[in-house]
Structure formats: structure tokens, C-alpha cells
Amino acid sequence: MAGRFIRDLLERAYGNPAHSVHFDKETLLLRLFESLPDLLSLPAFAEVRGFLGRGTTEKRLYELSVLLSDLYDRSMIYRPSLLLAWEEGAEPGAWPAILWRHLSGPSRLPHRARMMDTFFRSGGREIADLLPPRLSLFGLTGMAPRDLLFFRSLGERGVCEVHFYFLNPCEEYWGDIVPARVKDRAPAGKEAYLETGNPLLSSWGGQFRVIHQSLSDLPESRRLFPPAPPTLLGTVQEDIRTLTDRGTKVREGILEKQVVPLSDRSIEVVRCPSPVREIEMLKDRLLGLFAEIPELSPEDVVVLAPDIGRYAGIVRSVFGAPAGEGGEEGDPEVPFVISDRRELLEDPAFEALGLLLGLPGTRLTAPQVFRLLSVPAVARKFGLDDLRPARLQEILQQSGFRWGRDGSDRPAPYAGRREHTFAEGQTRLLLGYASGEEVLPEQEGRPAPLSLPEDPDGLIAGAIAEFAEDSVTICFLFPRPRWPRSGPIGCVGSSTPFWTSTSPRGRDRRDWRPSREPLARGLSHAQIRGRISSGVMARHLERMAGTGDGSDRFFMGGVTFGRMVPLRSLPFRVVCLVGMNDADFPRPSWPPSFDWLSARPEPGDRSQREDDRTLFLEAVLSARDSLWISYVGLDSRDGRSREPSVLVRELLDHLSEGFSGEKGPIHFQTVLEAPVAPLSPEHYAREGDPRLRSYSRSWRSALESARGRPAREPVFFEPGLSWSSREPDEVSSGREDLAIADLREFIRDPVRYFLVRKVGLPRSDRTLRLEEDEPFGIDERRLVSGRLRGERTPSPDSPWPPLRSVIEEKIDSEAAFYRRIISGKTGIHFPDRPGAPPRERLEGVFRGIGLYGTVEGIYRRPDRGRLLVVERWPRQPFPSDFLESFLLHLLCSLFLEGYEGCVLTGKGGKREGEKDPSRTPVGLWRWDPLPAASAARHFLSCLRAFHQGSRAPLPFDPEASQAFVEELGKISSIRGGSSAPFW
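In C-alpha cells, the structure reads:
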């Protein structure tokens, strides 16, 4: 980098590295963090106090220091005279000047701006012996004017020979052309003196123009590219090289629009419905190019994006999909490499380090614990690596943990209360392990046990308890801000008990010493007298880990994916730009209100938007065979249309002014609308648009299978995943067992059963959201349901203790009301103390299939038989509840002696004359026992549906089916033949 070369050279000639290091960007940041609190009380710093807000926190102070260190660092490069003037006393009342004088100190320590001034004053004689005989410079578009002048001075003063290699997009002098928008705003009568030249060059070449003007008086030696091929892309490049405004000449009748043949796909803009479809369309286009141009290799292709991190996972998924074992049967592979990624920031263990350093001073919430235990290295350390994150989330939610380590961790007036703390959740898990399914006697103040069926040995409960102890240890080690000299190394070293350093793949944890050592040096050079909290230290580590260039993988073989930076698109035959949306490119920049560089702009200043315009021009000029551009044209939230980047629109407008398609406007040949899904038949139609051709054999196989043709290979699942390939009436001499619980899960939602059991999707009914506040709201339905199951001790759904006594009486009253209604209608006598419903085990053989399982709610009536009660009260039963109840009814009719019928309870309708309208009405639906032959016939249809739904998703939804039956007027027969289901 030219800037680093200048700084090192000046330090060797005029400065002392031990002194100039104080103005290194990272050290300057920490010095600002240390100095600002001492100056905030000054009247001149009122704006800074307003920016920080009331109750200034360390984190806000750190973020302000980051902004100021960047401004001062850029000022040393782009405004050195301003900093030197501030040191001499200019602008005495301005807080940036006061702060800079405080940083530079009375001894005027050497920094880049001062050493550069010394160089120009002395003529550079001191550095003659430090330079090689010749310097060659590339990538001048990102160089500051002062740095460019520095190198010019070296050559002009005879210090050494200097060669500038400058990518000049035009062979004509174009330093005085202006964009069309500038010409349109010119005063009347003066616009005739302004020339736009080529509209693309005048609009996008601002930084090129500054460098071109700066070097225009130097002797030059031109090395021109050979004439571009007569394609659409080649003609656009040739017009820029010759400064031709094709659109104006067409309007004036000097030229006619050039006709572009259909076969010319050198410029293509693809409008996609999502980022995933962008990458899928890109892969198909590259495979097409490799087929069309045999000598084209993956190394000749570069794919650039404003933010490559957004696409990294998608690229790995689409381009990294493994081919079939036979090679020919799998999707074609394209080798690729992703550059410019901050790998350390992507390391989950590094994220865990930041979370651990952020624990002291926080209230330890459930989401924090979940994020930590979800890190593979942390989970492996505590023996939880085999536990799915979704299940871990369920366990934390069921434990009732919301926030706080224990009762002592809470402030007044809640100090001492353990409800919804990590300690209480841990106690529930340990009690659940100790008691198993045994119902413990009630004890005041003891939480309800939480038994995990998959944890009979208590490994999960023990691991979470061990994690709780280690998290308390971390907070004990770092309860207050740490001394900076021992903090960086001490924090990382003390947190290592939270993860293992090795894994089966050996890739979970990277070496963090490159980030730790510069941090330690920076703290030492900053000479910080105070303390820095572990939270700020974590933020500083994260920032330093994200400041690397991340370009170590560029030119590593295969198609190269990277972010858009200067000269990145040279030299490639195929240049692809993805993510070119209006809101994303040019990338927006929002300088703070106190940015003195933006307030007083000068030629040559860095601007993100101008940099991106230059990058787009470089991409257009650098593509030799093909320029492929894509953007997301639909909003994923509401389907609204999204616009491409203004630079893409300028390119399309330029093409429409000077070119026409073979069969109509050029727009129809250069802009392609991507289908919404890769399964679209348009991708495989023989007579369709050839630009949409797909090379994915797996999607083609899925499409053929959906059309009824036999697929050449399984796409979504293997046939062996199904429970059985035999229908229940195809009985062999063998014996197969089927759990009743599987049948119940299937009948409630057949499609969900297939996706969970056969495909492996998470089992949770909905996406869980871990709460971090106490449940001040009352979920009366769940509390009453828990009381009916015999829950008397506090549960995770219990309200905050001050509210608990208020609701306990109402819950008991509701439960007693329900029991009274059920007892009166069914003749069941409930015990005085509510407990879990009675369970009985059912076992039997049906057509060679062994059925087994436990069914709860089977009550013995005095002097009578057994009655199955399926309780869904106080909520209203769903259609799936009716199906599940009918399934249990069939099983009991077949295998339960003395069975007298099934009753489903749920919320009923309001009835006239109800004494207490606040009561939840009780509705009952009853099925009388069926003869064995009738029950067997119905159960056989259920088994056949189960077998079919185990091999492929069964097109059946209980709610939709009930709505259909209700429309036919047959709901009464489904509910037992009674037109009045409520008793």
C-alpha cells in the first residue's frame, strides 16, 4: 500500500517510531477514549455532550472514539495543513481543534502530517539513501492528492526514478468533460462551453478525472489494449476509449442505432426474485459460457458484490453442492473460492469470546445463554454437542429461566427472589433428573421438577449446571473494568474453560493471537491510566478482527468471489456483478454531523459513492468477453418491485439510446427476468428462451417426478427412510411394531409428521422465542390446564410472585367447576386432590402389526366399565383433536376390555341462564363403543393412510377437511351423530 510505504519512509527519515506510534489509528482510538472524559466539561464540547446523550456510557464513548480516530487519521492524509494550523492555535474555540492540540501535546510529537510537511520543506534530501533506484506505482485511483504529489516530488527532484501506471479509460484528453447533470444545472448561456463527451465516462469517471488532470503534464508512454471485438460490450468500451457519444449522434442523425444480434450476450442484466436465485442463475450462466467457450476456465471469471458476506453462505450452498457419485448423474461442479471474508468474525468461538466478555455487568438473559451454548466448541466442552439447538431452546424455555443468575443477582425490590432465574431453572432440571416421572410431594418454595425424557442419566442437566457455575466464575473474574495491561490476555486465557480447542474437523477455533497482540501493544502505547471494561474490550477485539483486508484467498484458483474494491476486476474475461440494487450500490455513506472533512470538501477527497462509480466503470472496461449483472427485483416481504442501481439504469439507458435489438428494443435482449423457482419448466423447455437454460440435473429430476415421469434419482429423500413399504393388508410371517404415539402424531398433522420424522426438520410446533422478562401477563388457559394435570408447585408459566396469590384462587375455582361438570355428565369421581390423569398401557396385534403405547385419561367408573376422556378444556378443540380422539376411540374399542366410549372435552358455547358468565363453558363430544368389525375397518383406513404418509407427504389437512365436510352439512355425523354436541 502506498500510504503505508510513505508512513514507514517518513518515520525512518524524520520521526521516531516510538513517538509516531501514538498517532497510529488504533492507538489514537484508545487515546481518544482515555482523553474525552477529561474534556467533556469544557463549554466548547457541548456538541459532543449532546452527541453522547445523558448518562454517557463506555460503549457510546468508544463508538465516538472510533468515529473521531477515523476523522483524524483521514485528516493527516487529506487535510494535513488543517491539523498543523490547529496545532499553531487556529480555531481556538472549536472542539476538534482543542482535542487535537490535547492529543498532539506541547512537545508536538511527530505524526504523518508534520513529517510530510518537513519533507516538502527540506526537499527530501534526508530520504534519498532510503529509496530504491526505481519506484513503480499502480492503483492510483485510490491515492490521496498529497500522496501523489509526494511521489511526483521524488521523481522531479531527482531523488529516484518514479513510474506511474495509470488505467486511462480514454485515449483522448477528457479532463474537462462534465456529467450531463452538471451541464443541465449550468447558468443560461454557459452550458454551450461544457462538454459531456461519453456520458458513461463523464458520469462514472470522477476519480479517474482527478488523477488524469494531476498527471496530464507528465511525459507518458501509452500501452493501449487491442481494439475490442464488435460485440455490444466491445462497442461500449470502444465508445468510451474514443470519447464517443453515440446517443447524441443518433439523435442528430449522424449515426443509426447499431443492431445487436440475438446471439450477442456480452452484456446481460438479470432481475431475480431473491439473492438465492441470483447465484443459481449465475451458476447456470457460467456453465453455459464454459460450454460455449472451451478455452474459458474458472480462473477467468470474477464475481463481485458490494457485500460479499451476504452472499458467502448462498455461494457455498449453490456452488458447493456435491455432485453425484457417478459424476454424470450429479449437478455439474464449478470450482470456486470466496475472498474478502472476515474469517475470525465468522468463527463461532470468537463470537463466544465476545459474549463471555460481555457477561459481567449484565443480567444474564436466556437468549445470552442459548447463544453461548449453541457455539459448537462451547457445546462440546459441556457435552451438549449432540443436542440440537432447537431442543436446547425448548429446554431453556421449559425451565422457566428468563433472566438473572440467582436471587442475589437482582436489584431491589426483587432481590432474593429466585423465580425465573438461571438457578431456579437449573434446580428444576436437577429435580427432574432425581425424580424422573415420580410425582414429588408438594413443598412450599420448591419449583416444579422438569424431567427430560432423553436425559435419563442427567447428562444434560449436569452440563447446564456446570455451565452455570463457570459463567458465575467469569463474572467473578471480571466484575469491574479490568486493568488494560492484563485485560486482553487475561480475558482470553480465563475464558478458555468454556470451549475445547480441537474438534473432529479441527476447524472450530482459530488462533486469536494476531488480534490479541496488537490490542496489547495499542493499550500500552496509549498509556491509559484508567480501566477498560470487559464489554468495551470485547467490542475492540471484534473491531480489530474485522479490520483485516480478508483478500488472502484472491487468485487461489476457481471462480473468484469477492467484494468490490479498486482494480479488483483486472484482468478477467468474464466479470459478474451481483447484488446491484439501488439501496445497496453505490453504497450509502452517512457521515456524522461533526465531520469537518465533509463540511469542507476538496478535489481528491475519498467518497464512497464516487469510489463505487469508479469501480463500476472499471468493471465495464475490464470484462473481455462478458459482463453479467444481477439484482433482486422483488421485495421478499410484500412482493413490491425493487429498482436496480442507478448505475445499472444509466447503462441500460445508454444502450437504449445507441443500440437496438434484432427483433425490437435492446432492452428485451439485455434484460432477463428470472423465474421465481428453479423448478420452473421454463428452465428445461426445448423451445423456450435459451438464456433460461438450467444445467441442474437434480431440479430437472424433481420436475420430471412432479409431472408423473419416473425420476432418475431420489431428490428430497431416500425410500429407505419410510417406516415400511408394505400395506397393512400385505401381511407376512414377520412381526412389526408401531407405537401408538407415532399414530397420534401422524393423525394430527400428516405432512408435519413426514417432515419431522422422515426429512428431519425440527419438531417444535412453532418458532420459540426465549423471553428475557418475567411473565407479568397471565396465560390462564395454560395455568388451568397445568392444574388439571396436578401441577401445584410453581411452573414456568406461573405469574410473578406478587400476582400469584391473586390468581391461585381463580385457577382452583375454574378447575373445580370443570371437574364438577364432567363428573355430573359422565359419572366419573375425581379425587379431592387433583393429579395427573390415569394412564393405561394398550398392546395388541392388528394384521401382523404390533401396537403398543400408553394412553392417559382412561377412568374407571364405579360399578361400570372404563371411559376415555380426552381433555382439551379450557380451549376449544381443533379438528386435529377430533381426529386424534377418534383414533384413540378405535384403539380402545379394539384392545381395551370393558370400554364404554370416548368423551372429548373443550370450550363450549355460551348458554342462556348461565349463573357465572365469567366461567369458561364446558363442551363435550361423545363416541359410543364400536363393534370390533366396524372399529377394525376404520382403523385399517388409518393404517393405510399412515403407510402412505410415511413414504411421501399425505395431501390431507384436518382443518381444511373439516371445512369441506361442514360445507356438505355432514358435521353432525363426524361428531357422533348428535346435532346438539354440548351437554
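Using our numbering, read the sequence shown as starting at 583 and increasing by one per residue.
Virtual Cβ for every residue (Gly too), placed ideally from N, Cα, C.
Whole-Å CB distance - G597 paired with M697, under 8 Å assumed: 5 Å
Environment of I836 [buried if 16+ CB atoms lie within 10 Å]: exposed
Residue burial classification, M583 (beta-carbon count within 10 angstroms, cutoff 16): exposed
First and last residue of the uninterrupted beta strand (DSSP E) at W1210: S1208 to V1214
A1165 classed as buried or exposed, judged by whether at least 16 other C-beta atoms fall within 10 angstroms: exposed
Beta-carbon separation (whole angstroms), L610 vs D655, contact threshold 8 Å: 7 Å
Residues bridged to Y1400 [DSSP beta-bridge criterion]: Paired residues: none, contrary to the question.
Beta carbon of L814 nearer than 9 Å to that of T1196: no
Neighbourhood of S1212 by C-beta distance below 6 Å, restricted to the same chain and skipping five residues each side: V852, C854, E860 and V1160
Span of the alpha helix (DSSP H) around K1489: Counting along the chain, K1489 falls outside any alpha helix (DSSP H), though it belongs to the beta strand (DSSP E) covering Y1481 to K1489.
Given A1030 as reference, the closest of L1011, E1048, A1043 and D1037 once Cα atoms are compared: L1011
Classification of A934 by the beta-carbon crowding that lies within 10 angstroms, buried from 16 upward: buried
DSSP three-state assignment for A965, whether helix, strand or coil: According to the sequence shown, residue 965 is Gly rather than Ala. Coil at G965, not helix or strand.
Per DSSP, the bridge partner or partners of V1427: Partner(s): G1432.
Through-space distance from R707 to E877, alpha-carbon basis: 53 Å
Distance between E743 and P715 (C-alpha atoms, nearest Å): Whole-angstrom Cα-Cα distance: 6 Å.
Segment contact flag, the region 716-730 with the region 784-797, C-beta cutoff 8 Å, min 3 pairs: yes
P678, DSSP secondary structure in three states: helix
Pairwise C-alpha distance: L1470 and G1426: Inter-residue distance for G1426 and L1470 is about 14 Å (C-alpha atoms, whole angstroms).
The alpha helix (DSSP H) enclosing D1193, as first and last residue numbers: Unbroken alpha helix (DSSP H) run through D1193: Q1190 to S1204.
Backbone secondary structure at F1546 - three-state DSSP: helix
Where the beta strand (DSSP E) containing D1319 begins and where it ends: E1318 to A1321
Between the CA atoms of L1465 and E1549 - distance to the nearest angstrom: E1549 and L1465 have their C-alpha atoms roughly 18 Å apart.
Neighbourhood of L1261 by C-beta distance below 7 Å, restricted to the same chain and skipping five residues each side: W1281, A1284 and L1285
P801 to L939 span [Cα, whole Å]: 58 Å
P942 versus D1217 - alpha carbon distance: 41 Å
Pair within 9 Å by beta-carbon distance, I1440 and L1506: With contacts defined by Cβ atoms closer than 9 Å, I1440 and L1506 do not form a contacting pair.
Where F720 falls, given that 16 or more other Cβ within 10 Å makes a residue buried: exposed
R631 - DSSP class collapsed to helix/strand/coil: Residue state, collapsed to three classes: helix.
Local conformation of F702 per DSSP, three classes: Helix.
4-residue-minimum alpha helix (DSSP H) runs that sit fully inside the region 715-742, ordered along the chain: If we require 4 residues or more, the alpha helix (DSSP H) runs fully inside the region 715-742 come out as 727-738.
E640 versus P678 - alpha carbon distance: So the two alpha carbons sit approximately 20 Å from each other.
DSSP three-state assignment for R867, whether helix, strand or coil: DSSP, reduced to helix, strand and coil, places R867 within a helical segment of the structure shown.
Closest Cα partner of W1509 within the set R1526, R1519 and T1487: T1487
Backbone CA spacing between D590 and S921 [nearest angstrom]: Answer to the nearest angstrom: the Cα atoms are 28 Å apart.
For V1258, the three-state DSSP class (helix, strand or coil): coil
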